[in-house]
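Q: This is the structure I have questions about; it appears just below.
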Amino acid sequence: MFARLFRRSRRRRYTPVDVFLGMGVEMLYVALLIGAGALISWLVVR
Amino acid sequence: MRRGERVRLIYLSFLAVAIIFWRPVLTGAAPVPVNDLIEKSREYDGKRVTISGEVIGDVMKRGNFAWVNVADSSAAIGVWLPYEEAKKITHTGSYRFRGDTVLVEGVFHRACPEHYGELDLHADSLQIVSPGRPLSHPLDREKALLAGILLLLTAAVAMVWYRRRKAGLL
Amino acid sequence: MLFPLAVAIIAREWNAALDFLIGFCACLLAGFFLVLICARGKRPISWTHGMVVASFSWIIGMLLAAIPYYLSGHYLSYLDACFDVMSGFTTTGLTLIQDLDHAGYALNMWRHVLTYLGGQGMVVFALTFLMNDAGGAFKIYVGEAKDEKLLPNVRNTARAIWFISVVYLLVGTLIFTLVALGEGIKMPRAFLHGLWLFMGGWSTGGFAPMSQNILYYHSLLIELFTIIFFTVGSFNFALHYAVWSGDRQELRKNVEIISFTVTLILLTLLTTAGFMKAKIYPDWMAVFRKGFYHLISGHTTTGFMTVYARQFINDWGELALLALIIAMLIGGSASSTAGGFKGLRMGILFHALREDVRRLIRPETSVLVEKFHHLREVVLGERHVRMALMIIVLYVFMFAVGTVGGLLAGYPLLEAMFEAASVTGNVGLSAGVTTPATPWGLKVLYIIMMWLARLEFMSVFAMFAYIAAGLKNR
Chain A
1 MFARLFRRSR RRRYTPVDVF LGMGVEMLYV ALLIGAGALI SWLVVR
Chain B
1 MRRGERVRLI YLSFLAVAII FWRPVLTGAA PVPVNDLIEK SREYDGKRVT ISGEVIGDVM
61 KRGNFAWVNV ADSSAAIGVW LPYEEAKKIT HTGSYRFRGD TVLVEGVFHR ACPEHYGELD
121 LHADSLQIVS PGRPLSHPLD REKALLAGIL LLLTAAVAMV WYRRRKAGLL
Chain C
1 MLFPLAVAII AREWNAALDF LIGFCACLLA GFFLVLICAR GKRPISWTHG MVVASFSWII
61 GMLLAAIPYY LSGHYLSYLD ACFDVMSGFT TTGLTLIQDL DHAGYALNMW RHVLTYLGGQ
121 GMVVFALTFL MNDAGGAFKI YVGEAKDEKL LPNVRNTARA IWFISVVYLL VGTLIFTLVA
181 LGEGIKMPRA FLHGLWLFMG GWSTGGFAPM SQNILYYHSL LIELFTIIFF TVGSFNFALH
241 YAVWSGDRQE LRKNVEIISF TVTLILLTLL TTAGFMKAKI YPDWMAVFRK GFYHLISGHT
301 TTGFMTVYAR QFINDWGELA LLALIIAMLI GGSASSTAGG FKGLRMGILF HALREDVRRL
361 IRPETSVLVE KFHHLREVVL GERHVRMALM IIVLYVFMFA VGTVGGLLAG YPLLEAMFEA
421 ASVTGNVGLS AGVTTPATPW GLKVLYIIMM WLARLEFMSV FAMFAYIAAG LKNR
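What follows is the structure, given as structure tokens:
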């Protein structure tokens, strides 16, 4: 892991596209969690 | 005083007293401390209650209604009321102001069905008991003195430190 | 402290400005003093030194940072002020402040900046801006319980952490400000609330600018966005770095994410079932907004609340509370602002169990390798399992001590357990035990627990061992 990350940091810093997509993916994951929570609430209460 | 007059006097006094206390007698409550509502939420759930407290923070307009948070000495609660009523509020509590003291009467909900389970009060009217006023925070002289002394001390130590550092002793 | 000082001056809160000026001078004086005493030799910093510095700086920092709090008059005692500082630094979120609704902008700024910075690690802060000596820096950082090695150079790691946090700060503050405006709060409060909500959320601290915490806003949008930002904030920073560098698959494969997802869903099921039994909420949306919200708030060890503290005890029912307590103890990801056992250890335990079971059913001579994925494929080794188990045991033990402390102070079992779990996991949800009226012994116990939990025990133990060794050799 060391070597791989080290090479990556040498080669390039974060590209804006990656940062943007990265943030998007992270927030999307949480949105999915929220959806799961809502779904469970809905299913159990019915 | 003749007998009839005395009777009339008593009757009028009674009427006067009744009129003075008319509203609270009708609406049935001395204000309840907010903390009571929280602790005994099941007991008060769905009942009309009256609370008295200071409006804090913001009057949050949501369509034709508004949320207003009212705090008494025990706790704060959210009040949902028509914006027309909420407009009466002139000051809200913050660092600079003591907010309007209000008397609010409405239905208390332990877990409001309209607001997805929140503990709140649906009010139809709001009475300003006393308007808010600016809070003064006069400069604390002792603190200013302490600050001044410390500032000088710090500057002195900083100079010593800097000189030592330059001389390579640090 | 210069930042709240500036805020105080801009907002013309003169007494607050004085408070911060006094605090600032106290810090400088203390700093000068320490350097004068300790900068004797030029010995290279050893491992134990690193541990000691990390642990010790928290205590001194706590005492100094409490000065503006105490001077503001919003605290009933200096101990209460220290409690809030420790709570902020460790991103716990339990608070003893009085009259928060009339607090000035400078004071609130200080509260939230403390949690934001505390979340990033006091030491990382120092590394980025102050330290010049590269060799000494690394060991101090590891003592800070963020034991991932993001980048080989510690300063670059610190910079990476700051970069990620600042980008999210900008995005998050913008979003919250817009939502606040939409929900009826006007400028400049909309911006300030936006900023503070982000800081309290991202750092998984749980401080909010009003006494009703998130309930003040009565807003589904605010609740949803706080969930998003505090959950993302609870992720491992190495994970952020990997994902932001283009490796988005990591989000799917990472053992901590998997562990968190699994435990969250299981505990949500439990909580919801618990609600059904206790029959407290009218419909599924209420169950979602009150139940799921607090569960994920607790699991990420944030501590944002949309109910009153007493409602946990009065309304929730024991099953739901138990699920919440477990969520608080398990906590978030390693190398993040979250607390608790950490998902990484839960994942390791699961894999260890799985390995043992597989070994049982296979012929004795077959070779078995159990692996888990954390930024790369890692072979599960004895050391991993041992460290994970030890730290979990230590957390559980501390939770027990906290519970006993609460009982001794006179609180009922459920309240004592809940609060102890909140302190152990650096969460911040309260069942009403943490008040100014709480016995001072319990407050001190909680302060120590918050501190130990945040530093994950090892640095603190090393510090005491070092002191003991020093005394012995005298």
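Protein chains in written order, with this note's numbering: chain A, 1 to 46; chain B, 1 to 170; chain C, 1 to 474. Heads up, the beta-carbon is just placed ideally off N, CA and C, and yes, glycines get one too.
Contact between the region 142 to 156 of chain B and the region 78 to 89 of chain B is defined here as three or more beta-carbon pairs at a separation below 8 Å; is this criterion met?
A: Contact fails: fewer than three Cβ-Cβ distances are below 8 Å.
Q: Strictly under 8 Å for the Cβ-Cβ distance: is B:K88 near chain C by that measure?
A: One-based indexing of the second sequence puts residue 88 of chain B at position 88. So no, B:K88 is outside the interface.
Q: Got a sec? Which residues, its chain only, sit under 6 Å from C:A145 by beta carbon, not counting five neighbours each side?
A: Position 145 of the third sequence holds residue 145 of chain C. For C:A145, the predicted model reports a pLDDT of 44, less than 50, meaning its position is unreliable and no value from the coordinates is stated.
Q: At a CB-CB cut-off below 8 Å, which residues of chain C make contact with B:K61?
A: The count along the second sequence starts at 1 and reaches residue 61 of chain B at position 61. Result: G184.
Q: Just curious, the beta strand (DSSP E) that B:A76 is in, first and last residue?
A: Along the second sequence, one-based indexing puts residue 76 of chain B at 76. Start and end: 76 to 82.
Q: Which chain C residues sit within Cβ distance under 7 Å of B:D140?
A: On the second sequence, residue 140 of chain B is found 140 positions in, with the first residue counted as 1. Those are N15, L18, listed as they occur along chain C.
Q: Short of 9 Å Cβ to Cβ, which residues in the region 272 to 285 of chain C face chain A?
A: The region 272 to 285 of chain C vs chain A, Cβ under 9 Å: T272, A273, F275, M276, Y281, D283, W284, M285.
Q: What are the residues of the region 26 to 39 of chain A that lie near chain C, defined by any Cβ-Cβ distance shorter than 8 Å?
A: The residues in question are E26, M27, Y29, V30, A31, L33, I34, A36, G37, A38.
Q: Suppose the cutoff is 8 Å on Cβ atoms and the five residues either side in sequence are ignored; what does the same chain contact list for B:G93 look like?
A: Within the second sequence, the letter at position 93 stands for residue 93 of chain B. Excluding sequence neighbours, B:G93 sits near E54, V55, I56, G57, A71, G99, G132.
Q: What residues match up with B:E197 in a beta bridge as DSSP calls it?
A: Outside the modelled stretch of chain B, which goes from 1 to 170, sits residue 197 of chain B, for which no answer is possible.
Q: Buried or exposed for C:N156, going by 16 or more other Cβ atoms inside 10 Å?
A: For this step, residue 156 of chain C is matched to residue 156 along the third sequence. With fewer than 16 Cβ atoms within 10 Å of its Cβ, C:N156 is classed as exposed.
Q: First and last residue of the beta strand (DSSP E) that includes B:A111?
A: Counting from 1 along the second sequence, the entry for residue 111 of chain B is found at position 111. Here the beta strand (DSSP E) through B:A111 covers 101 to 112.
Q: First and last residue of the alpha helix (DSSP H) that includes C:F191?
A: As a first step, residue 191 of chain C is located in the third sequence; it is residue number 191 there, counting from the start. Looking at the DSSP string, the run of the alpha helix (DSSP H) that includes C:F191 is 189 to 202.
Q: Pull up the CB-CB distance for C:A320 and C:A278, whole angstroms please, since I reckon it's below 8 Å.
A: Position 320 of the third sequence, counting from 1, holds the residue named residue 320 of chain C. Position 278 of the third sequence, counting from 1, holds the residue named residue 278 of chain C. That pair is a contact at about 7 Å.
Q: Would you tell me roughly how many angstroms separate the C-alpha atoms of C:S219 and C:E183, rounded to the nearest one?
A: As a first step, residue 219 of chain C must be located in the third sequence, where it is residue number 219. As a first step, residue 183 of chain C must be located in the third sequence, where it is residue number 183. Rounded to the nearest angstrom, the two C-alpha atoms are 7 Å apart.
Q: Measure the CB-CB distance between C:L215 and B:G78 and report whether it falls below 8 Å.
A: Looking up residue 215 of chain C in the third sequence gives position 215. Looking up residue 78 of chain B in the second sequence gives position 78. Yes. Within cutoff.
Q: What's the C-alpha gap between C:I9 and C:L71?
A: Start at 1 with the first residue of the third sequence, and residue 9 of chain C comes out as number 9. Start at 1 with the first residue of the third sequence, and residue 71 of chain C comes out as number 71. Straight-line Cα distance between these residues: approximately 16 Å.
Q: So who's on the other strand from B:V68, going by DSSP bridges?
A: For the purposes of this step, residue 68 of chain B is taken as the residue at position 68 of the second sequence. B:V59, B:V79.
Q: With distances taken Cα to Cα, identify the nearest neighbour of C:V167 among C:W58, C:F229, C:H74, C:V427.
A: Taking the first residue of the third sequence as position 1, residue 167 of chain C is located at position 167. Of the candidates C:W58, C:F229, C:H74, C:V427, the one whose C-alpha sits nearest the C-alpha of C:V167 is C:F229.
Q: Please report whether the beta-carbon of B:V55 lies at a distance below 8 Å from any beta-carbon of chain C.
A: Here the question's residue 55 of chain B lines up with position 55 in the second sequence. Output row for B:V55: interface = no.
Q: Counting Cβ pairs closer than 8 Å, one from the region 84 to 104 of chain C and one from the region 112 to 121 of chain C, do we hit at least three?
A: Yes, they touch.
Q: Out of C:I391, C:A65, C:V423, state which residue places its alpha-carbon closest to the alpha-carbon of C:T475.
A: This structure cannot speak to residue 475 of chain C, because chain C is shown only from 1 to 474.
Q: Under the rule that 16 or more other beta-carbon atoms within 10 Å means buried, what is C:W440, buried or exposed?
A: Start at 1 with the first residue of the third sequence, and residue 440 of chain C comes out as number 440. Flag for C:W440 reads exposed.
Q: Please check if any C-beta of chain C sits within less than 8 Å of the C-beta of B:A111.
A: Locating residue 111 of chain B in the second sequence gives position 111, counting from the first residue. It does: the Cβ of B:A111 has a partner Cβ on chain C nearer than 8 Å.
Q: Any beta carbon from chain B within less than 8 Å of C:Q311's own beta carbon?
A: In the third sequence, the residue the question calls residue 311 of chain C occupies position 311. Answer yes: the Cβ-Cβ gap between C:Q311 and chain B drops below 8 Å somewhere.
Q: Assuming contact is defined by CB atoms lying nearer than 8 Å, are C:G347 and C:V255 in contact in what I supplied?
A: Taking the third sequence and counting its residues from 1, one reaches residue 347 of chain C at position 347. Taking the third sequence and counting its residues from 1, one reaches residue 255 of chain C at position 255. Contact: yes.
Q: Could you say if the region 240 to 258 of chain C and the region 290 to 306 of chain C meet the contact criterion of at least three C-beta pairs nearer than 8 Å?
A: Contact between the region 240 to 258 of chain C and the region 290 to 306 of chain C is absent, because fewer than three Cβ pairs lie under 8 Å.
Q: Compile a chain-ordered list of the residues in the region 165 to 198 of chain C whose CB is closer than 8 Å to at least one CB of chain B.
A: Cβ contacts with chain B come from E183, G184, I185, K186, R189.
Q: Need the endpoints of the alpha helix (DSSP H) that B:D120 sits in, please.
A: As a working mapping, residue 120 of chain B is identified with position 120 in the second sequence. Run containing B:D120: none in the alpha helix (DSSP H); it sits in the beta strand (DSSP E), 118 to 130.
Q: Taking a cut of 8 Å between CB atoms, which residues from the region 244 to 257 of chain C lie near chain A?
A: Against chain A - using a Cβ distance shorter than 8 Å - the residues of the region 244 to 257 of chain C are W244, S245, G246, R248, L251, I257.
Q: If you measure beta-carbon to beta-carbon, which residues of the region 214 to 238 of chain C are closer than 8 Å to chain A?
A: Within the region 214 to 238 of chain C, the qualifying residues are L224, I227, I228, T231, V232, F235.
Q: Apart from the five residues just before and just after C:R189, which ones in its own chain have a Cβ nearer than 8 Å to its Cβ?
A: Locating residue 189 of chain C in the third sequence gives position 189, counting from the first residue. Once the five neighbours on either side are set aside, the close Cβ partners of C:R189 are A180.
Q: Pull up the distance between the alpha-carbon of C:F418 and that of B:F65, whole angstroms please.
A: Looking up residue 418 of chain C in the third sequence gives position 418. Looking up residue 65 of chain B in the second sequence gives position 65. If you take the alpha carbons of C:F418 and B:F65, they lie about 37 Å apart.
Q: Given this structure, state the Cα-to-Cα distance separating B:P134 from B:R96, to the nearest angstrom.
A: For the purposes of this step, residue 134 of chain B is taken as the residue at position 134 of the second sequence. For the purposes of this step, residue 96 of chain B is taken as the residue at position 96 of the second sequence. Between B:P134 and B:R96, the C-alpha separation is close to 6 Å.
Q: Residue range of the alpha helix (DSSP H) that C:K290 falls in?
A: The sequence position of residue 290 of chain C within the third sequence is 290, counting from 1. Careful: C:K290 lies outside any alpha helix (DSSP H) and carries neither H nor E.
Q: Taking Cβ to Cβ, would you say C:V35 is nearer than 8 Å to C:A65?
A: By 1-based counting over the third sequence, the position of residue 35 of chain C is 35. By 1-based counting over the third sequence, the position of residue 65 of chain C is 65. Not closer than 8 Å, so no.
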